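Participant:
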Amino acid sequence: AQSVTQLGSHVSVSEGALVLLRCNYSSSVPPYLFWYVQYPNQGLQLLLKYTTGATLVKGINGFEAEFKKSETSFHLTKPSAHMSDAAEYFCAGGFTSGTYKYIFGTGTRLKVLA
Amino acid sequence: DAGVTQSPTHLIKTRGQHVTLRCSPISGHKSVSWYQQVLGQGPQFIFQYYEKEERGRGNFPDRFSARQFPNYSSELNVNALLLGDSALYLCASSLYSGSNEQYFGPGTRLTVT
Chain A
4 AQSVTQLGSH
14 VSVSEGALVL
24 LRCNYSSSVP
34 PYLFWYVQYP
44 NQGLQLLLKY
54 TTGATLVKGI
64 NGFEAEFKKS
74 ETSFHLTKPS
84 AHMSDAAEYF
94 CAGGFTSGTY
104 KYIFGTGTRL
114 KVLA
Chain B
5 DAGVTQSPTH
15 LIKTRGQHVT
25 LRCSPISGHK
35 SVSWYQQVLG
45 QGPQFIFQYY
55 EKEERGRGNF
65 PDRFSARQFP
75 NYSSELNVNA
85 LLLGDSALYL
95 CASSLYSGSN
105 EQYFGPGTRL
115 TVT
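Chains as they are written, first to last, in my numbering: chain A, 4 to 117; chain B, 5 to 117.
(1) From the DSSP output, which residues share a beta bridge with PHE64 of chain B?
(2) Return the chain-ordered list of same chain residues with a C-beta closer than 7 Å to the C-beta of SER15 of chain A, the five sequence neighbours on each side being excluded.
(3) Compile a chain-ordered list of the residues in the stretch 43-60 of chain A whose CB is closer than 7 Å to at least one CB of chain B.
(4) So for ILE63 of chain A, helix, strand or coil by DSSP?
(5) DSSP three-state call for LYS34 of chain B: helix, strand or coil?
(6) Rounding to the nearest angstrom, what Cα-Cα distance links ASP89 of chain B and GLN45 of chain B in this structure?
(7) Since TYR28 of chain A meets chain B, which of its residues come closer than 7 Å, beta carbon to beta carbon?
(8) Can you tell me whether SER6 of chain A is helix, strand or coil according to DSSP?
(9) Using a C-beta to C-beta distance shorter than 7 Å, which residues of chain B count as neighbours of GLY108 of chain A?
(10) Taking only the alpha-carbon atoms, compute the straight-line gap between LEU49 of chain A and LEU114 of chain B and give it to the nearest angstrom.
(11) With distance defined between alpha-carbon atoms, name the residue in B:GLU55, B:TYR39, B:LYS56, B:TYR54 nearest to GLN48 of chain B.
(12) With burial defined as no fewer than 16 other Cβ atoms inside 10 Å of the residue's Cβ, what is the status of THR58 of chain A: buried or exposed?
(13) Is the beta carbon of LEU87 of chain B less than 8 Å from the beta carbon of VAL116 of chain B?
(14) Does at least one heavy atom of the ligand FMN sit under 7 Å from the Cβ of ALA90 of chain A?
(15) Please list the partners that THR80 of chain A has in chain B, where partner means a Cβ-to-Cβ separation under 9 Å.
(16) Are the C-beta atoms of PRO110 of chain B and some chain A residue less than 8 Å apart?
(17) Between GLY88 of chain B and chain A, is there a C-beta pair that is closer than 8 Å?
(18) Taking C-beta pairs closer than 8 Å, name the residues in chain A that LEU94 of chain B reaches, listed in chain order.
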């Protein structure tokens, strides 16, 4: 079955520290992969996406993610956390098998400590 | 440019009632998708429409239906509301169906009492 899994529902980092949010997918065919951010009482904003080509993808706000087929992973990183990065982050996969399905992970809430 | 708009912003309904939620995509986008986001969880895919045809469907009961109009706006209908239908309903638009990145609206918060 196709799925997207985010490890760690809550992650805390100090301001200036590395941010690492984990995402793994399950599918016989790699899906298109996305990271979204959601601030309280707002919709989702696309951070970055991987479809084909270069496996290291750079997004907005200094975030990047690397697609690793051998590990079925698409982890999100940022070298230096900022207080404004505190939000909920969702990994999502676009799966095509017959009809199209877009599957989100359960989310990781990022807390940035001063 | 206007982003994805949804109406209404908030809605309170009683069990058993019917509700219609509306979405207008970004100008030029031909695909609209609907998601249900229960508090504390990730969005769950309900439907995707492209050029007025259903292109994808998630695991939701037949009480949920949708349609897309010639101007690419969309409605999501939910019949016989249950308490468990209380959630944030998100609409997303994209240029085409499939792999294209989606742009999300602010959502409609539905409360069923």
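C-beta atoms are modelled at their ideal positions from N, C-alpha and C, and glycine is treated no differently. Just so it is clear, the structure is predicted and the values come from calculations on it, not from any experiment.
Facilitator: This is what the structure holds:
(1) Looking at the DSSP output, PHE64 of chain B shares a beta bridge with no other residue.
(2) LYS114, LEU116
(3) Hits within the stretch, in order: GLN45, GLY46, LEU47, LEU49, LYS52, THR54.
(4) helix
(5) Judged by DSSP in its simplified three-state form, LYS34 of chain B adopts coil rather than helix or strand.
(6) 14 Å
(7) Residues of chain B passing the Cβ test: none, with the nearest at roughly 13 Å.
(8) strand
(9) GLY46
(10) CA-to-CA, the gap between LEU49 of chain A and LEU114 of chain B works out to about 24 Å.
(11) B:TYR39
(12) Exposed, since its Cβ has fewer than 16 Cβ neighbours within 10 Å.
(13) In contact: LEU87 of chain B and VAL116 of chain B (Cβ atoms closer than 8 Å).
(14) The ligand FMN is absent from the structure shown, which contains no ligands of any kind.
(15) Those within 9 Å of THR80 of chain A in chain B number zero; the least Cβ separation is about 20 Å.
(16) yes
(17) It does not; no Cβ of chain A falls within 8 Å.
(18) Simply GLY46, LEU47.
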